[in-house]
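Student: Shown below is the structure under consideration.
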Amino acid sequence: MIFSEFKHRKKRTFGIIISFSIGIIFLILINSLADAFKKLAEVPMEKIGCNITVQRSGNVPEKMEGATFPCSAVTIEKAEIDKLTANIQINRMSIGVLIWLFDNDEFYSLLGIEPDKAIGPGLLKSCLTEGRFINSDGTEILVERTYAVKNDISINEKISLLGVDYNVAGIVDASKLGNIISANIYMPISQASIIAEESNSIKQIAPFEKGDGTILFMQVAQNQLAEIDKEIKNILGEKVIVSSPLSFLEKFKGIVKFFVKFSNILSFVMIFFGMLIITLGIMSGLNLRKHEFGIFQAVGWTPLELKKHIIIETLLYCWIGALLGIVISFLISLLLEAVTMDIPIPWELNSSTPHFLMDNPDEKIIMNIKLTVSISLSLIIYTLLGSSFAGIVIGLFTGRKISKIKPSEAIRYVG
78 MIFSEFKHRK KRTFGIIISF SIGIIFLILI NSLADAFKKL AEVPMEKIGC
128 NITVQRSGNV PEKMEGATFP CSAVTIEKAE IDKLTANIQI NRMSIGVLIW
178 LFDNDEFYSL LGIEPDKAIG PGLLKSCLTE GRFINSDGTE ILVERTYAVK
228 NDISINEKIS LLGVDYNVAG IVDASKLGNI ISANIYMPIS QASIIAEESN
278 SIKQIAPFEK GDGTILFMQV AQNQLAEIDK EIKNILGEKV IVSSPLSFLE
328 KFKGIVKFFV KFSNILSFVM IFFGMLIITL GIMSGLNLRK HEFGIFQAVG
378 WTPLELKKHI IIETLLYCWI GALLGIVISF LISLLLEAVT MDIPIPWELN
428 SSTPHFLMDN PDEKIIMNIK LTVSISLSLI IYTLLGSSFA GIVIGLFTGR
478 KISKIKPSEA IRYVG
């Protein structure tokens with residue numbers, strides 16, 4: 078009987094199902110795109126094995142000579158680092174020391190790293206193109222590949238920095254880590270700390286001692302990012318710079334930002350209009366079928382049986398519409414896999430070169446990332462459950478209206 082209705086009123090049935098499926102498509106794609114954009118914001122930090130970097134902004138020295146700190150990464154004291162580790166649940170952490178070095182009319186960006194830590198610059202071990210990785214002590218260094226090619230530097234060569242000769246142990250391709258906190262030269266943090274401690278320029282702006290750092294690389298629980306971000310700022314003060322997927326999300330603009338911020342509201346609107354469209358469609362159809370329902374009642378159908386019939390019919394509309402919407406959404410998501418997006422990397426996360434030494438100071442570091450849109454199983458389950466709920470609610474509402482019609486009145490009505 079139900080399928081007979083579908084067969085004899087094809088246009089109306091098709092219209093209701095398509096209308097509902099369009100709502101489902103928008104619902105699924107809005108949520109899937111919002112999740113995809115959030116995952117997109119995690120990619121830059123994932124490349125360096127962490128989800129938070131911590132820096133502190135400060136002043137610049139009167140003269141750019143010798144060793145100094147970038148204004149975006151000055152001293153974070155050991156006592157402050159200890160306070161962070163005591164008050165925040167950190168799964169893994171690595172400390173770095175970023176230095177700008179002006180020596181003999183040459184500029185070098187140095188990054189002191191903890192080579193034995195598999196987080197942050199320690200992951201450069203997987204980016205070796207020549208030579209070997211450095212140890213946690215000694216005067217061996219790594220040179221970034223682009224810088225090495227430009228300056229014709231090869232492994233086992235000596236580079237003199239402030240009168241100390243450093244042996245080039247290896248060449249690394251920092252672009253594989255997304256150029257996050259990159260440098261020309263990487264050295265053990267112990268050596269970078271000595272340079273920072275002895276620098277008069279650094280003493281002027283942010284005195285540095287052994288155990289201090291200028292950049293912290295942290296891996297924390299993803300669901301605690303907002304709370305940890307706030308706690309770090311409370312401990313280190315207003316000049317702290319905390320970079321995380323949350324900060325990348327804030328930089329999204331246009332339709333991307335709109336999706337991320339308003340996905341829940343948009344989902345609610347889609348659900349509301351989907352239910353409204355299918356309710357109006359079914360009510361219109363039921364009005365045309367009053368004569369049919371009057372006959373059902375005349376031959377003995379009870380109001381409860383009539384309600385059940387309408388609920389089952391409405392459920393079928395919703396289920397077919399939902400399944401069609403899921404299939405079409407999946408096909409659209411496959412097409413979206415071809416989309417790539419450009420994510421600008423903030424200067425403070427790539428401050429290896431001063432603005433005044435850049436060929437194009439306004440040029441931004443861009444990370445091109447493929448958009449990954451996936452429809453989760455949980456979203457499909459929620460969609461089917463929601464469609465079932467909508468079908469029952471709409472069926473109860475419309476069934477109640479029809480069951481109140483008197484058989485004698487309905488039989489006289491010809492739709």
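Residue numbering for the sequence shown follows the working numbering, beginning at 78 and increasing consecutively. Ideal Cβ positions, reconstructed from N, Cα and C, are used throughout, including at glycine. Note that this is a predicted model, so its numbers are computed, not measured.
Is Ala225 helix, strand or coil by DSSP?
Tutor: Helix, per DSSP.
Student: By DSSP's criteria, Ile176 is part of a beta bridge. Which residues make up the other side?
Tutor: Ile176 is bridged by DSSP to Leu187.
Student: Nearest-angstrom Cα distance between Asp180 and Gly143?
Tutor: 6 Å
Student: For the stretch 457-467 and the stretch 147-158, state whether three or more C-beta atom pairs, one from each stretch, are separated by less than 8 Å.
Tutor: no
Student: Taking the alpha-carbon positions, what's the Ser553 to Leu357 distance?
Tutor: A question about residue 553 goes unanswered here, because the residues of the chain that appear run from 78 up to 492.
Student: Which term fits Leu238, buried or exposed, when burial requires 16 or more other beta carbons within 10 angstroms of its beta carbon?
Tutor: buried
Student: For the beta strand (DSSP E) that Arg133 lies in, which residues bound it at each end?
Tutor: Ile129 to Arg133
Student: Under a three-way DSSP split, which group does Met352 fall into?
Tutor: helix
Student: Throw me the rounded Cβ distance for the Gln268 and Thr223 pair, which I believe falls under 8 Å.
Tutor: Wrong, their Cβ atoms sit about 22 Å apart, outside the cutoff.
Student: Just the C-alpha distance for Asn136 and Ala303, rounded to the nearest angstrom, thanks.
Tutor: Answer to the nearest angstrom: the Cα atoms are 28 Å apart.
Student: Tell me which same chain residues have a C-beta within less than 7 Å of the C-beta of Leu323, skipping the five on either side of it?
Tutor: Non-local beta-carbon contacts of Leu323 in its own chain, meaning distances under 7 Å to residues more than five positions away in sequence, involve Leu302, Ala303 and Asp306 in chain order.
Student: Can you list, in chain order, the residues of its chain whose CB lies under 8 Å from that of Phe474, leaving out five sequence neighbours each side?
Tutor: Sequence-distant partners of Phe474 (beyond 5 residues in either direction) whose C-beta falls short of 8 Å from its own C-beta, in its chain, are Thr356.
Student: Would you grab the beta carbon distance between Ala298 and Gln166 for me? Rounded to a whole angstrom, and I think it's under 8 Å.
Tutor: 7 Å
Student: Which of the three DSSP states, helix, strand or coil, is assigned to Ile94?
Tutor: helix
Student: By how many angstroms is the C-alpha of Ala111 removed from the C-alpha of Leu393?
Tutor: 29 Å
Student: Put Asn195 into one of helix, strand or coil per three-state DSSP.
Tutor: According to the sequence shown, residue 195 is Ala rather than Asn. Ala195 falls in the coil class under three-state DSSP.
Student: For Asn212, count neighbouring C-beta atoms within 10 Å of its own C-beta (all shown protein chains included) and say buried if the count is 16 or more, exposed if not.
Tutor: exposed
Student: Buried or exposed: which applies to Asn445, given that a residue is buried once 16 or more other Cβ atoms fall within 10 Å of its Cβ?
Tutor: Exposed, by the Cβ-count rule.
Student: For Pro421, is the classification buried or exposed, using 16 other Cβ atoms within 10 angstroms of its Cβ as the cut-off for buried?
Tutor: By the Cβ neighbour-count rule, Pro421 is exposed, with fewer than 16 other Cβ atoms within 10 Å of its own.
Student: For the putative contact between Ile93 and Gly402, defined by C-beta atoms under 8 Å, what is the C-beta separation to the nearest angstrom?
Tutor: With 8 Å as the limit, Ile93 and Gly402 do not qualify as a contact, their Cβ atoms being about 13 Å apart.
Student: Kindly give me the distance between the Cβ atoms of Asn261 and Ser171, rounded to whole angstroms, as I take these residues to be in contact under 8 Å.
Tutor: With a Cβ gap of about 20 Å, Asn261 and Ser171 do not count as contacting.
Student: To the nearest angstrom, how far is the alpha carbon of Ser276 from that of Asn233?
Tutor: Rounded to the nearest whole angstrom, the C-alpha separation of Ser276 and Asn233 is 27 Å.
Student: Can you check DSSP and say which residues form a bridge with Asn136?
Tutor: The partner list for Asn136 (beta bridge, DSSP) is empty, contrary to what the question assumes.
Student: Do you know offhand how far Met295's Cα is from Cys395's?
Tutor: 47 Å
Student: Using the Cα positions of Ile218 and Ser203, report the straight-line distance between them to the nearest angstrom.
Tutor: 16 Å
Student: I'd like to know whether the C-beta atoms of Thr206 and Ile248 end up nearer to each other than 8 Å.
Tutor: yes
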